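Chemist:
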Amino acid sequence: MSRGFLESTTMAFARAITRAMLSERTARQRGLLQSLDPRVRVVGLFSLVLAVTLCRRIDAVAGLFALAVVLALLSQVGLAILAKRVWWVVLAFTGIIALPAIFITPGDVVTRLGTVFITAQGLRAAGLLVLRVETAVTFTALLVFCTPWSHVLKALRALRLPREAIAMLAMTYRYVFLLVETAAQMFESRRSRTVGVLAPAERRRMAARTAGVLLSKTIETSSEVYLAMQSRGFAGDIQVLCDFRMTMWDYAGLLLFLAVGSFAVWAGR
Amino acid sequence: MHIPDGYLSPSTCAVLYAGAGAGWYSALKRLKRVLLARVIPLISVFAAFSFVVMMFNLPLPGGTTGHALGVTIAAIVLGPAGAILALSIAIAIQALFFGDGGISTLGANCFNMAIVGSLVAYGAYRLIAARAALTSRRRVIAAGVAGYLAVNAAALLAAIEFGLQPVLFHDASGTPLYAPYPLSVAIPAMMIGHLTFAGMAEAVISAGLVAYLQVADPVLLRGSSDWAQGPSGALELRPAGSSLRRLWLAIAVLMLLTPVGIIAAGTAWGEWSPAELAHSASVSVAVSSQGATVPSGLERLSKLWTAPFPAYAPGFVRSRSFGYLLSAMFGIGLLLCLSLLAQGVVARYRRRGSPA
Numbered sequence: 282m283s284r285g286f287l288e289s290t291t292m293a294f295a296r297a298i299t300r301a302m303l304s305e306r307t308a309r310q311r312g313l314l315q316s317l318d319p320r321v322r323v324v325g326l327f328s329l330v331l332a333v334t335l336c337r338r339i340d341a342v343a344g345l346f347a348l349a350v351v352l353a354l355l356s357q358v359g360l361a362i363l364a365k366r367v368w369w370v371v372l373a374f375t376g377i378i379a380l381p382a383i384f385i386t387p388g389d390v391v392t393r394l395g396t397v398f399i400t401a402q403g404l405r406a407a408g409l410l411v412l413r414v415e416t417a418v419t420f421t422a423l424l425v426f427c428t429p430w431s432h433v434l435k436a437l438r439a440l441r442l443p444r445e446a447i448a449m450l451a452m453t454y455r456y457v458f459l460l461v462e463t464a465a466q467m468f469e470s471r472r473s474r475t476v477g478v479l480a481p482a483e484r485r486r487m488a489a490r491t492a493g494v495l496l497s498k499t500i501e502t503s504s505e506v507y508l509a510m511q512s513r514g515f516a517g518d519i520q521v522l523c524d525f526r527m528t529m530w531d532y533a534g535l536l537l538f539l540a541v542g543s544f545a546v547w548a549g550r
Numbered sequence: 196m197h198i199p200d201g202y203l204s205p206s207t208c209a210v211l212y213a214g215a216g217a218g219w220y221s222a223l224k225r226l227k228r229v230l231l232a233r234v235i236p237l238i239s240v241f242a243a244f245s246f247v248v249m250m251f252n253l254p255l256p257g258g259t260t261g262h263a264l265g266v267t268i269a270a271i272v273l274g275p276a277g278a279i280l281a282l283s284i285a286i287a288i289q290a291l292f293f294g295d296g297g298i299s300t301l302g303a304n305c306f307n308m309a310i311v312g313s314l315v316a317y318g319a320y321r322l323i324a325a326r327a328a329l330t331s332r333r334r335v336i337a338a339g340v341a342g343y344l345a346v347n348a349a350a351l352l353a354a355i356e357f358g359l360q361p362v363l364f365h366d367a368s369g370t371p372l373y374a375p376y377p378l379s380v381a382i383p384a385m386m387i388g389h390l391t392f393a394g395m396a397e398a399v400i401s402a403g404l405v406a407y408l409q410v411a412d413p414v415l416l417r418g419s420s421d422w423a424q425g426p427s428g429a430l431e432l433r434p435a436g437s438s439l440r441r442l443w444l445a446i447a448v449l450m451l452l453t454p455v456g457i458i459a460a461g462t463a464w465g466e467w468s469p470a471e472l473a474h475s476a477s478v479s480v481a482v483s484s485q486g487a488t489v490p491s492g493l494e495r496l497s498k499l500w501t502a503p504f505p506a507y508a509p510g511f512v513r514s515r516s517f518g519y520l521l522s523a524m525f526g527i528g529l530l531l532c533l534s535l536l537a538q539g540v541v542a543r544y545r546r547r548g549s550p551a
């Protein structure tokens with residue numbers, strides 16, 4: 282039991298690092314989305330997520346899902362990766378949540394399964410929810426897989442997000458990996474010294490102690506970062522360099538994104 | 196508890212973005228008053244810490260495991276403003292980079308977990324810990340209870356947001372367009388898991404972290420909401436500045452605004468008196484079929500207690516606005532008296548309990 286707890290936490294850390302590395306790798310590939318200005322990618326994909334939530338018809342959402350698949354293929358994002366990391370996860374989570382809606386949503390009875398009834402409204406509601414979530418999460422995943430984090434931040438700054446927020450997002454992202462690695466090492470070293478089964482209370486104490494040491498390291502790190510900022514002459518003025526240049530191709534891409542999103546909302550109203 | 200895209204309607208998302216925006220703005224404004232250069236790395240690294248804590252697979256009583264939010268320890272160490280920003284940054288990175296939680300629902304997730312979660316955790320911790328010594332066991336219990344309450348408050352909000360969707364957003368055939376379950380299903384479904392596992396996970400990690408800090412670094416538990424820069428640049432905490440004057444001002448403004456309620460026509464739904472219920476056309480149609488204009492139980496129970504200021508208007512006051520003002524002053528005065536009385540009783544009890 283204790284091994285399960287230690288192993289599952291270590292695995293969670295490893296998954297986070299693997300996912301980040303995968304995203305950085307796919308973001309460097311040559312593809313349709315990668316060829317567009319990061320600001321266009323952020324605005325375009327965010328507007329498609331918005332269009333997905335605004336659509337009221339399942340066929341319009343299905344059309345947007347097909348568009349997401351085409352975009353993934355043209356951007357060298359493997360469908361196997363999307364299926365494993367997005368579609369299956371969403372289906373497992375949202376599918377289970379949506380399933381009872383088929384039976385408990387009042388409406389026109391389609392068929393009967395023993396003592397319960399399946400309604401047309403329930404089927405539509407469950408289908409719409411699953412497809413809507415799948416499509417929206419696929420668009421978000423495409424942004425993550427096709428855009429390095431530094432470019433996402435610069436694009437967000439171009440969209441007038443406060444400088445302080447950008448600075449904190451950038452710094453957090455950097456230290457997430459440092460702390461993930463530190464925590465993974467702590468769990469790994471503890472796992473290598475654990476023989477037999479720990480009592481449940483001892484397991485909880487161990488988790489709290491590990492989190493406590495991590496907290497101490499967090500405070501220490503923040504003080505070190507502050508001193509490093511001071512030593513470099515930081516006086517409270519945050520600068521975010523944004524050296525992107527929009528080309529005709531980017532303007533055309535932005536227009537296309539907005540047009541497709543608007544059309545989907547109109548068709549799915 | 197991270198709501199993905201597609202569960203909430205765009206208008207719900209917009210309202211919750213506005214609520215979260217107000218929280219972010221006031222938190223950022225509050226922190227800008229202290230040294231920005233010190234705050235940015237502290238909040239950023241703390242956000243990274245919260246992110247990592249959310250990945251911990253915590254063993255819980257009963258043999259199961261659960262994930263914590265890390266909102267309580269952030270609220271205890273950083274104060275509510277710092278916790279709001281740290282948690283919001285962690286949630287934003289989860290949504291934007293790891294696809295955990297949606298982009299359209301980012302405002303909702305931050306509102307539920309970062310803003311309401313932080314405020315509930317901070318309020319509960321301060322209330323229970325009160326002026327207990329930094330190494331007191333009471334602080335450990337306070338952190339555990341605060342964690343449990345914070346997670347469940349955030350979950351309840353999320354459940355209400357889910358439950359409102361089928362009521363407000365459905366097509367002509369009655370098909371729900373977003374989260375399909377009404378409040379009667381969404382609240383129990385959401386709360387069962389949080390009242391048991393998720394709430395307990397947050398309680399375990401918060402209490403454990405406070406117990407650890409009591410031994411390793413008790414200065415972080417001073418229960419403050421402000422930072423000061425020490426001579427070496429290291430983190431130092433100072434007690435929260437007294438903002439009583441502002442509180443009094445806010446109470447005075449709210450008191451002056453009480454007559455605004457008169458503008459609304461009719462009575463709030465469900466707050467009818469027996470007379471209003473009898474005269475309400477829609478209600479009387481509904482109940483007359485059962486042969487009674489006013490339910491007999493309601494008529495009987497309504498006579499149990501007669502308020503001194505019925506309908507916020509004492510009998511001797513002719514102006515309704517003035518009646519509202521007077522009621523507000525009376526209500527606040529009554530609460531102050533009760534609060535002073537309680538303080539007096541607690542102080543006397545403590546004096547008796549302390550060694551001579």
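If you read the protein sequences in the order shown, they are chains A and B.
Number 550 marks the last residue of the first sequence (this note's numbering); no jumps.
Number 551 marks the last residue of the second sequence (this note's numbering); no jumps.
All C-beta atoms, glycine included, are put in the ideal place defined by N, C-alpha and C.
All values derive from a computational prediction rather than experimental measurement.
Using CA coordinates, which residue listed in V272(B), G216(B) and V248(B) is at the minimum distance from P413(B)?
Modeler: Residue mapping note: residue 413(B) aligns to position 218 of the second sequence, counting from 1. Closest option to P413(B), Cα to Cα, is V272(B).
Chemist: For chain A, is any of its Cβ atoms less than 8 angstroms away from the one on R433(B)?
Modeler: Position 238 of the second sequence, counted from the start, is the residue given in the question as residue 433(B). Caution applies to R433(B), whose pLDDT of 45 falls short of 50 and renders its modelled position unreliable; the value that the coordinates give is listed next. So no, R433(B) is outside the interface.
Chemist: Any Cβ of chain A within less than 8 angstroms of the Cβ of M395(B)?
Modeler: Taking the first residue of the second sequence as position 1, residue 395(B) is located at position 200. False, the Cβ-Cβ gap to chain A never drops below 8 angstroms.
Chemist: Quick one, which residues of the stretch 523–538 of chain A are near chain B if we go by CB-CB under 9 angstroms, in chain order?
Modeler: Within the stretch 523–538 of chain A, no residue qualifies.
Chemist: I'd like to know if V476(A) contacts chain B, where contact means its C-beta is closer than 8 angstroms to some C-beta of that chain.
Modeler: For the purposes of this step, residue 476(A) is identified with residue 195 of the first sequence, where counting begins at 1. It does not; no Cβ of chain B falls within 8 angstroms.
Chemist: If we require 4 or more residues per run, which alpha helix (DSSP H) segments fall completely within the stretch 473–542 of chain A?
Modeler: Listed in chain order, they are 481–512.
Chemist: With a threshold of 8 angstroms between beta-carbons, can P387(A) be considered close to chain B, or not?
Modeler: Looking up residue 387(A) in the first sequence gives position 106. By this cut-off, P387(A) is an interface position.
Chemist: Kindly identify the DSSP beta-bridge partner or partners of R393(A).
Modeler: By 1-based counting over the first sequence, the position of residue 393(A) is 112. DSSP lists F398(A) as partners of R393(A).
Chemist: Ends of the alpha helix (DSSP H) at M395(B)?
Modeler: Taking the second sequence and counting its residues from 1, one reaches residue 395(B) at position 200. From DSSP, the alpha helix (DSSP H) with M395(B) extends over G394 to A411.
Chemist: R337(A) versus chain B: which residues are under 7 angstroms apart at the beta carbon?
Modeler: Your numbering for residue 337(A) matches position 56 in the first sequence. Per Cβ cutoff of 7 angstroms: D366 and L372.
Chemist: In whole angstroms, give me the CA-to-CA distance for L352(A) and L203(B).
Modeler: On the first sequence, position 71 is the one that residue 352(A) refers to. On the second sequence, position 8 is the one that residue 203(B) refers to. For L352(A) and L203(B), the distance between alpha carbons rounds to 25 angstroms.
Chemist: Of the choices M292(A), V391(A) and M449(A), whose alpha-carbon is the least far from that of S239(B)?
Modeler: As a first step, residue 239(B) is located in the second sequence; it is residue number 44 there, counting from the start. Comparing Cα-Cα distances from S239(B) to each of M292(A), V391(A) and M449(A), the minimum goes to M449(A).
Chemist: Could you check if T310(A) is buried or exposed, using at least 16 other CB atoms within 10 Å of its CB as the buried criterion?
Modeler: What you label residue 310(A) is simply residue 29 of the first sequence in a count that begins at 1. The identity of residue 310(A) in the sequence shown is Gln, whereas the question assumes Thr. The residue in question, Q310(A), is exposed, as its Cβ has fewer than 16 Cβ neighbours within 10 Å.
Chemist: In chain order, what residues of the same chain have a beta carbon less than 7 angstroms from the beta carbon of A222(B), not counting five sequence neighbours either side?
Modeler: Residue 222(B) sits at position 27 when you count from the first residue of the second sequence. Only A276, I279 and L280 meet the Cβ criterion.
Chemist: Compare the C-beta of L280(B) with all C-beta atoms of chain A and state if any pair is closer than 8 angstroms.
Modeler: In the second sequence, residue 280(B) corresponds to position 85, counting from 1. Interface residue, yes.
Chemist: Go to K365(A), then tell me how far its alpha helix (DSSP H) extends in each direction, as first and last residue.
Modeler: As a first step, residue 365(A) is located in the first sequence; it is residue number 84 there, counting from the start. Premise fails: K365(A) is in no alpha helix (DSSP H) and is neither H nor E.
Chemist: Taking Cβ positions, are L495(A) and T453(A) nearer each other than 8 angstroms?
Modeler: Against the first sequence, residue 495(A) aligns to sequence position 214. Against the first sequence, residue 453(A) aligns to sequence position 172. No, Cβ-Cβ distance for L495(A) and T453(A) is not below 8 angstroms.
Chemist: Give, in chain order, every residue of the stretch 303–329 of chain A whose Cβ lies closer than 9 angstroms to some Cβ of chain B.
Modeler: Here the close residues are S304, L326 and F327.
Chemist: Between which residues of its own chain and G218(B) is the CB-CB distance below 6 angstroms, once the five residues before and five after are set aside?
Modeler: Numbered from its first residue, the second sequence carries residue 218(B) at position 23. Same-chain partners within the cutoff: I279 and I310.
Chemist: Could you round the C-beta distance between A406(B) and A488(A) to whole angstroms and report it? I think they count as a contact, below 8 angstroms.
Modeler: Stepping through the second sequence from its first residue, residue 406(B) is reached at position 211. Stepping through the first sequence from its first residue, residue 488(A) is reached at position 207. Not confirmed; about 12 angstroms, so no contact.
Chemist: Is the stretch 394–405 of chain A touching the stretch 366–383 of chain A in the sense that three or more CB pairs, one from each, lie closer than 8 angstroms?
Modeler: Judged by Cβ distances under 8 angstroms, the stretch 366–383 of chain A makes contact with the stretch 394–405 of chain A, as three or more pairs qualify.
Chemist: Could you check which residue in L404(B), L211(B) and I235(B) has the C-alpha nearest to that of R332(B)?
Modeler: If you number the second sequence from 1, residue 332(B) lands on position 137. Checking every option, the nearest Cα to that of R332(B) belongs to L404(B).
Chemist: For A303(B), which option in L416(B), G214(B) and A396(B) has the closest C-alpha, if you only look at C-alpha atoms?
Modeler: Within the second sequence, residue 303(B) is the residue found at index 108, counting from 1. Of the candidates L416(B), G214(B) and A396(B), the one whose C-alpha sits nearest the C-alpha of A303(B) is G214(B).
Chemist: Output, in chain order, the set of chain A residues within a Cβ distance shorter than 9 angstroms of V335(B).
Modeler: Sequence index remark: in the second sequence, residue 335(B) carries index 140 (1-based). Here the premise fails: no neighbours, minimum Cβ distance about 10 angstroms.
Chemist: Answer yes if the stretch 389–400 of chain A comes into contact with the stretch 320–332 of chain A, meaning at least three C-beta pairs across the two stretches below 8 angstroms, and no otherwise.
Modeler: Taking 8 angstroms as the limit for Cβ pairs, the verdict is that the stretch 389–400 of chain A does not touch the stretch 320–332 of chain A.
Chemist: From A411(B), L372(B) and A348(B), pick the residue whose C-alpha is nearest to that of I387(B); which is it?
Modeler: If you number the second sequence from 1, residue 387(B) lands on position 192. Checked all of A411(B), L372(B) and A348(B); the closest Cα to I387(B) is A348(B).
Chemist: From this set, A325(B), H197(B), M250(B) and Q409(B), which residue's C-alpha is nearest A295(A)'s C-alpha?
Modeler: Within the first sequence, residue 295(A) is the residue found at index 14, counting from 1. The candidate whose alpha carbon is nearest that of A295(A) is M250(B).
Chemist: Name the chain A residues that come within less than 7 angstroms of M385(B), Cβ to Cβ?
Modeler: By one-based count along the second sequence, residue 385(B) stands at place 190. Simply none; closest approach about 10 angstroms.
Chemist: Per DSSP, which one or two residues make a beta bridge with I197(B)?
Modeler: Indexing the second sequence from 1 puts residue 197(B) at position 2. The question names Ile, yet the displayed sequence has His at residue 197(B). Looking at the DSSP assignment, H197(B) forms no beta bridge with any residue, so it has no partner.
Chemist: So L291(B) and V433(A) are supposed to be a Cβ contact under 8 angstroms. How far apart are they, rounded?
Modeler: As a first step, residue 291(B) must be located in the second sequence, where it is residue number 96. As a first step, residue 433(A) must be located in the first sequence, where it is residue number 152. 6 angstroms between Cβ atoms; contact.
Chemist: Where do the ends of the alpha helix (DSSP H) carrying T334(A) lie?
Modeler: Translated into positions along the first sequence, residue 334(A) becomes position 53. That run of the alpha helix (DSSP H) goes P319 to L335.
Chemist: With distances taken from CA atoms, which of V546(A), V342(A), F538(A) and G534(A) is nearest V418(A)?
Modeler: Within the first sequence, the letter at position 137 stands for residue 418(A). Answer by Cα proximity: V342(A).
Chemist: Report the rounded CA-to-CA distance for T267(B) versus Y317(B), giving the unit in angstroms.
Modeler: Translated into the one-based positions of the second sequence, residue 267(B) becomes position 72. Translated into the one-based positions of the second sequence, residue 317(B) becomes position 122. Their backbone Cα atoms lie some 7 angstroms apart in a straight line.
Chemist: Our contact map puts A406(A) next to P371(B) with C-beta atoms below 8 angstroms; I'd like the distance itself, whole angstroms only.
Modeler: Translated into the one-based positions of the first sequence, residue 406(A) becomes position 125. Translated into the one-based positions of the second sequence, residue 371(B) becomes position 176. That pair is a contact at about 5 angstroms.
Chemist: Just to confirm my understanding: we take T502(A), look at its own chain, exclude 5 residues before and 5 after, and list those with CB closer than 7 angstroms. What are they?
Modeler: To locate residue 502(A), count along the first sequence from 1; it is residue 221. Taken in chain order, the residues that qualify are Y456.
Chemist: For L360(A), does the count of other Cβ atoms within 10 angstroms reach 16, so buried, or fall short, so exposed?
Modeler: Taking the first sequence and counting its residues from 1, one reaches residue 360(A) at position 79. Result: exposed.
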